[in-house]
Amino acid sequence: MTNISRRGLLRTGAAAGVLAASGLPLRAQDAKRGGRLRMGLNGANTSDSWDSRTHSDIFMTSSAQGAVFDSLTQVSAEGSLVGELATDWEASSDAKTWTFNLRDGVTFHNGKPFNADDVIESLQLHVAEGSKSAAAPIVEGVEMKKTGDLQVQFTLPTGNADFPFLLSDYHLLIYPAGQIEEAIAKGIGTGLYRVQSFDPGVRFVGTRVDSHYKDGEAGWFDEIEIIAINDPSARMNALMTGQVDVINDIDFKTEPLMRQNPMIEVFEVTGNHQYTMPMLTDTAPFDDVNVRRAIKYGINREEMVQKILQGHGMVGNDHPIGPANQYYAEDLEQLAFDPDQAKYHLKQAGLDSINVELSAASTAFNGAIDAAQLAQASLGVAGINVSVIQEPADGYWSNVWLKKPWCLSYWSGRATEDWMFSSALEAGAPWNDTHWDNEQFQKWLIEARGELDSEKRAEIYRDMQKMLSEDGGYIVPMYANLTGAASTRLGHGEAIGNLFKADNNRLAERWWFTG
Amino acid sequence: MDSVARVVAQRLLLGILTLIVVSVVIFVAVNLLPGDFAQAFLGQGATEGAVNAIRRDLGLDQPLVLRYFHWLGNALTGDLGTSFAQANFSSFTGTAAENLPTVASQIAPRFANTMFLAAVTACIAVPLALTLGILAALYRNSLFDKTVNMVTLSSISSPEFFLAYILILFLAVLNPVLPSISNIYADMGLGQRLERTLLPALTLTLVVTAHMMRMTRAAIINLLASPYIEMARLKGLSPMRVVVRHALPNALAPIINVIALNLAYLITGVVVVEVVFVYPGIGQLFVDAVKNRDIPMVQACCLIFACAYILLNLLADVLSILSNPRLRHPK
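So the protein lines, in turn, are chains P and L. All letters in the first sequence, in the order written, are residues 1 to 515 by UniProt numbering. All letters in the second sequence, in the order written, are residues 1 to 331 by UniProt numbering.
Dropping the structure here:
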């Protein structure tokens with residue numbers, strides 16, 4: 001892994017140019033140009049457009065950030081941050097002022113040369129009057145100054161060591177300044193593939209541009225076609241019959257059939273996508289840390305991974321930081337099913353047995369009701385009597401989640417620790433689904449945000465994960481894998497991105513035909 | 001001929017009346033669906049404030065009756081509204097809501113695709129059903145008759161997705177002659193388009209053939225007992241000529257009715273087949289819209305389905321009048 005390079009990159013990305021080679025697929029040496037890639041992806045909608053502010057699902061993120069457009073920075077398949085339209089960057093010591101140098105000689109698909117104006121105007125889109133872009137919190141209050149034709153200086157309201165990382169967000173695409181409306185209508189970017197045809201909710205066809213700054217590093221296909229196949233069986237059929245070369249999100253029930261086919265490779269990576277069981281830590285009986293600990297030991301995580309995810313996942317450790325995060329503390333002690341420990345902690349709370357209610361509905365995640373029943377069975381052994389309340393799926397997120405003392409939920413995770421913690425566990429945050437309010441935790445959160453020394457940050461984030469794992473109410477029984485299947489004619493790097501589906505949205509850019 | 005025009009005008013008026021009643025039913029039913037667009041769209045982010053803001057933006061906080069007349073008035077002038085998903089996306093970007101694609105412009109290409117699929121299916125299914133029906137009537141109670149009956153009845157009794165997967169298994173997996181997904185596009189040549197459409201069309205053929213074939217058979221057999229058929233036989237005409245020339249014209253009215261009903265089904269009942277074959281028709285659009293509680297889109301689709309039924313039934317009525325001299329020249 002590239003832990004060292006990732007951390008070294010924090011303060012300055014000056015080495016990004018050198019690192020670019022290692023940030024790319026390790027086997028890219030074998031890659032060669034040619035062929036027409038056909039991808040079958042879900043998440044397509046008739047209301048899709050090239051406006052990145054509306055992007056939320058894999059079909060558009062793969063078509064836009066993964067093919068037609070570029071961002072300032074990108075996360076490599078190995079997880080390190082490398083430059084895309086930016087070549088390198090540097091922060092002031094308080095992590096408030098960031099200077100980005102931009103790539104020279106880049107042109108948009110319509111011939112317009114790329115420069116600092118494009119960056120500023122594109123990022124301003126997200127804070128435009130009335131805009132509800134999900135990326136608004138990243139650029140809100142950021143002062144942007146053109147300090148050269150190919151240099152931009154950002155001044156942040158408060159120090160944020162993650163800023164270059166946040167700029168790799170799939171909403172923050174770079175459009176040509178002064179022509180943004182046209183660029184959104186037609187799909188004009190600086191990416192490897194220009195739009196040949198786009199039929200919202202049906203398909204996108206892109207043609208490789210003749211010359212590109214990523215030549216020799218990415219963009220191996222001559223043409224790509226992304227086909228919207230929302231139905232899982234239809235997606236599988238399409239791959240099995242050779243109508244497409246690669247699909248995402250395989251159906252676990254038919255997966256053994258797929259594995260039998262020698263022409264198909266099933267691939268999966270564990271990322272940050274997590275199924276959770278948040279309990280309100282300010283509501284009895286979950287306000288007692290001993291009760292929370294008893295429940296942590298009473299849940300059989302291994303069984304849940306096997307039965308709910310059919311083994312396509314990993315046990316969680318009751319904090320929201322996943323393997324796709326930079327400072328994921330994998331050396332923390334893993335919580336495991338231990339009825340004796342659970343009984344011990346229950347005793348500490350002064351109880352022999354306890355009755356609790358767990359609210360569940362299928363909308364929380366696939367198999368949520370089954371997961372609740374598994375929890376009921378294993379907790380019963382430890383003297384914790386769970387009654388599973390089946391809630392209606394409609395209105396679950398407004399009537400049950402954040403309201404009932406204990407329920408099921410999910411989080412897709414965030415690219416950075418700070419973003420994740422401040423969304424789900426910062427005191428006062430609207431989505432703080434455990435009502436977590438811990439003074440020390442708050443202090444650490446603020447401290448780490450402005451800390452540029454990555455060793456120190458790693459330590460703080462480790463402490464925060466440890467605290468949640470031991471005391472928190474944010475139960476994470478499992479991480480669900482990101483899955484897909486591809487024809488064996490396709491080649492890819494040794495690592496596959498685990499932040500987003502389809503190799504961090506960039507499959508069309510990174511993969512190639514071997515045959 | 002005058003009387004025919006009057007009957008058609010009468011039926012047309014009745015059709016419009018039916019349509020208005022249907023529009024009320026659609027509107028009430030869609031609005032009674034549990035859950036609403038704001039919650040379906042926001043998912044986990046559905047806080048009370050956000051839900052209320054969206055409901056206000058989309059006019060969902062207005063009384064039901066007011067919304068109905070507003071919708072009906074617009075629909076009568078051909079304006080089916082803007083889909084919620086579009087309107088909501090526009091508020092995301094802060095752009096004006098004027099240049100958004102309307103429901104009508106989103107449905108049009110999808111509807112054209114569905115009509116294409118229906119046409120291809122009809123071209124296969126109608127002649128096939130008629131031929132099989134006539135032959136079954138001709139050789140009734142023979143082995144042929146029994147086999148045809150059994151096969152068509154079992155295919156109509158199986159769920160569509162099952163038939164679809166059986167066809168995929170035999171025609172796309174074991175003998176890869178046809179593509180398993182039918183993704184067609186605007187700029188595709190007719191030949192390729194037909195090839196891609198064939199598998200869903202065959203599935204639908206299996207579904208609709210039985211009904212039409214059995215009605216043809218029953219109507220003809222019914223007539224074969226009539227005295228004038230006996231006369232024709234006594235004249236020494238061949239059985240084929242008796243059936244085709246003498247029995248069939250008089251059996252047309254019920255057959256046309258059944259064909260019209262099945263054609264309407266080809267437009268409105270293709271949802272499952274379109275999803276299985278990833279065919280970009282109105283059925284898929286409809287499923288997405290229901291999933292997202294996109295009310296204008298659902299209402300527009302329902303209205304189109306209702307129109308298809310009413311118009312095709314009207315056409316069937318008119319055709320059966322024209323095919324029957326007694327109705328054509330009433331005393």
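All C-beta atoms, glycine included, are put in the ideal place defined by N, C-alpha and C.
Query - Contact residues within the region 382–398 of chain P, judged by C-beta distance below 7 Å to chain L - result: D394, G395, W397 and S398
**Report entry** For W291 (chain P), the nearest candidate out of P:A183, P:Q310 and P:H345 (CA to CA)
**Finding:** The residue labelled residue 291 (chain P) in the question sits at position 291 within the first sequence. As written in the sequence, residue 291 (chain P) is Val, which differs from the Trp given in the question. Ranking the options by Cα distance to V291 (chain P), first place goes to P:H345.
Requested in this report: Classify L163 (chain L) as buried or exposed, calling it buried when 16 or more other Cβ atoms lie within 10 Å of its own Cβ.
Outcome: In the second sequence, residue 163 (chain L) corresponds to position 163, counting from 1. Buried, since its Cβ has 16 or more Cβ neighbours within 10 Å.
Query raised in the report: Looking at E230 (chain L) and the ligand PLP, is the gap between the Cβ and the nearest heavy atom below 6 Å?
Result: You won't find the ligand PLP in this model; it holds no ligand whatsoever.
Requested in this report: Identify the contact partners of D249 (chain P) in chain L, using a Cβ-Cβ distance below 7 Å as the criterion.
Outcome: Against the first sequence, residue 249 (chain P) aligns to sequence position 249. Neighbours of D249 (chain P) on chain L: none; closest Cβ ~15 Å, over 7 Å.
Query raised in the report: What distance in whole Å lies between the Cβ atoms of D117 (chain P) and A31 (chain P), which are believed to be in contact at a cut-off of 8 Å?
Result: If you number the first sequence from 1, residue 31 (chain P) lands on position 31. If you number the first sequence from 1, residue 117 (chain P) lands on position 117. The pair is not a contact, with the Cβ atoms about 34 Å apart (cut-off 8 Å).
Query raised in the report: Does the separation of the CB atoms of G102 (chain L) and T82 (chain L) fall below 7 Å?
Result: For the purposes of this step, residue 102 (chain L) is taken as the residue at position 102 of the second sequence. For the purposes of this step, residue 82 (chain L) is taken as the residue at position 82 of the second sequence. According to the sequence as given, residue 102 (chain L) is Thr; it is not Gly. Cβ atoms of T102 (chain L) and T82 (chain L): closer than 7 Å.
**Report entry** Under 9 Å (Cβ pairs) to chain P, residues found in the region 104–123 of chain L
**Finding:** Q106, P109 and R110
Report task. Kindly list, in the order they appear in chain P, the residues whose Cβ is closer than 8 Å to that of V276 (chain L). Result -> Translated into the one-based positions of the second sequence, residue 276 (chain L) becomes position 276. D231, S233 and A234, listed in chain order.
Query raised in the report: Looking at C-alpha atoms only, which residue of L:V30, L:M297 and L:N262 is the closest neighbour of R110 (chain L)?
Result: Reading the second sequence from its first residue, position 110 is the one you call residue 110 (chain L). Checked all of L:V30, L:M297 and L:N262; the closest Cα to R110 (chain L) is L:M297.
Query raised in the report: With respect to the beta strand (DSSP E) encompassing W98 (chain P), which residues constitute its N-terminal and C-terminal limits?
Result: Within the first sequence, the letter at position 98 stands for residue 98 (chain P). W98 (chain P) -> beta strand (DSSP E) spans T97 to L102.
Query raised in the report: What residues match up with E357 (chain P) in a beta bridge as DSSP calls it?
Result: Sequence index remark: in the first sequence, residue 357 (chain P) carries index 357 (1-based). Answer is P:S387, bridged to E357 (chain P).
Requested in this report: Kindly list, in the order they appear in chain P, the residues whose Cβ is closer than 8 Å to that of Y185 (chain L).
Outcome: In the second sequence, the residue the question calls residue 185 (chain L) occupies position 185. Ordered by position in chain P, the residues that pass the 8 Å Cβ test against Y185 (chain L) are S197, D199, V202 and R203.
Report task. Could you tell me whether the region 124–141 of chain P touches the region 61–76 of chain P, using the rule of 3 or more Cβ pairs below 8 Å? Result -> no
Requested in this report: Pull out every residue of the region 150–170 of chain L whose Cβ sits closer than 7 Å to any Cβ of chain P, in chain order.
Outcome: I168
Query raised in the report: Out of P:I264, P:Y297 and P:L374, which has the shortest C-alpha to C-alpha gap to I308 (chain P)?
Result: Locating residue 308 (chain P) in the first sequence gives position 308, counting from the first residue. The option with the nearest alpha carbon to I308 (chain P) is P:L374.
Query raised in the report: Should the region 395–407 of chain P be called in touch with the region 296–316 of chain P, which here means at least 3 C-beta pairs below 8 Å?
Result: no
Report task. Measure the Cβ-Cβ separation of M212 (chain L) and N262 (chain L) and say whether it is below 7 Å. Result -> Counted from its first residue, the second sequence places residue 212 (chain L) at position 212. Counted from its first residue, the second sequence places residue 262 (chain L) at position 262. Yes, the pair counts as a contact, with Cβ atoms nearer than the cut-off.
Report task. Kindly list, in the order they appear in chain P, the residues whose Cβ is closer than 8 Å to that of P176 (chain L). Result -> Numbered from 1 along the second sequence, position 176 holds the residue referred to as residue 176 (chain L). Result: T241 and G242.
**Report entry** A197 (chain P): first and last residue of the uninterrupted beta strand (DSSP E) it sits in
**Finding:** By one-based count along the first sequence, residue 197 (chain P) stands at place 197. Correcting the residue identity first, residue 197 (chain P) is Ser in this sequence and not Ala. Residues Y193 to D199.
Report task. Identify every residue that forms a DSSP beta bridge with R208 (chain P). Result -> Reading the first sequence from its first residue, position 208 is the one you call residue 208 (chain P). For R208 (chain P), which the question treats as bridged, DSSP gives the partners P:Y193.
Query raised in the report: Exposed or buried, what is Y228 (chain L) when buried is set at 16 or more other beta-carbons lying within 10 Å of its beta-carbon?
Result: Position 228 of the second sequence, counted from the first residue, corresponds to residue 228 (chain L). Exposed: under 16 other Cβ atoms inside 10 Å.
**Report entry** Per-residue burial, A368 (chain P) [other beta carbons within 10 Å of its own, 16 or more giving buried]
**Finding:** For the purposes of this step, residue 368 (chain P) is taken as residue 368 along the first sequence, with counting starting at 1. Buried: at least 16 other Cβ atoms inside 10 Å.
Query raised in the report: Got a sec? Which residues, its chain only, sit under 7 Å from A316 (chain L) by beta carbon, not counting five neighbours each side?
Result: Position 316 of the second sequence, counted from the first residue, corresponds to residue 316 (chain L). Cβ neighbours of A316 (chain L) beyond the five flanking positions: I256, N257 and A260.
Requested in this report: Note down, in chain order, all residues in the region 47–79 of chain P with a beta-carbon under 8 Å from any beta-carbon belonging to chain L.
Outcome: S47, S49, D51, R53 and T54
Query - Sheet register partners of V266 (chain P) (DSSP bridge) - result: Within the first sequence, the letter at position 266 stands for residue 266 (chain P). DSSP output for V266 (chain P) lists P:A485 as bridge partner(s).
Query raised in the report: Would you report the Cα separation of F204 (chain P) and G189 (chain P), rounded to the nearest angstrom?
Result: In the first sequence, residue 204 (chain P) corresponds to position 204, counting from 1. In the first sequence, residue 189 (chain P) corresponds to position 189, counting from 1. The alpha-carbon atoms of F204 (chain P) and G189 (chain P) are separated by roughly 15 Å.
Query raised in the report: Comparing the C-beta of N237 (chain P) with each C-beta of chain L, is any distance below 7 Å?
Result: Counting from one through the first sequence, the residue named residue 237 (chain P) turns up at place 237. Closer than 7 Å to some Cβ of chain L, the Cβ of N237 (chain P) qualifies, so yes.
Query raised in the report: Is the CB of A97 (chain L) under 7 Å away from at least one CB in chain P?
Result: Translated into positions along the second sequence, residue 97 (chain L) becomes position 97. Its pLDDT being 44, under 50, A97 (chain L) is placed unreliably in this model, and the coordinates cannot settle the point.
Requested in this report: Would you identify the three-state DSSP class for M420 (chain P), choosing helix, strand or coil?
Outcome: Stepping through the first sequence from its first residue, residue 420 (chain P) is reached at position 420. Helix at M420 (chain P).
Query raised in the report: What does a CB cutoff of less than 6 Å around A232 (chain L) pick up in its chain, not counting 5 residues either side in sequence?
Result: Residue 232 (chain L) sits at position 232 when you count from the first residue of the second sequence. The residues are V242 and H246.
Query - Local Cβ density within 10 Å of L17 (chain L), reported as buried at 16 or more and exposed below that - result: Taking the first residue of the second sequence as position 1, residue 17 (chain L) is located at position 17. Under this definition L17 (chain L) is an exposed residue.
Query raised in the report: What distance in whole Å lies between the Cβ atoms of A508 (chain P) and M39 (chain P), which are believed to be in contact at a cut-off of 8 Å?
Result: As a position in the first sequence, residue 39 (chain P) is number 39, starting the count at 1. As a position in the first sequence, residue 508 (chain P) is number 508, starting the count at 1. About 7 Å; that satisfies the 8 Å criterion.
Query - Separation of D503 (chain P) from I224 (chain P), as counted between CA atoms - result: Locating residue 224 (chain P) in the first sequence gives position 224, counting from the first residue. Locating residue 503 (chain P) in the first sequence gives position 503, counting from the first residue. Going by the C-alpha atoms only, they are around 15 Å apart.
Query raised in the report: Skipping 5 residues on each side, what residues in its chain have a beta carbon closer than 6 Å to that of L358 (chain P)?
Result: On the first sequence, position 358 is the one that residue 358 (chain P) refers to. If we look at L358 (chain P) and ignore the five residues flanking it on each side, its Cβ neighbours are A372, V386, V388 and W406.
Query - For Y279 (chain L), the nearest candidate out of L:V287, L:D187, L:S226 and L:N183 (CA to CA) - result: Translated into positions along the second sequence, residue 279 (chain L) becomes position 279. Taking only the C-alpha atoms, the option nearest Y279 (chain L) is L:N183.
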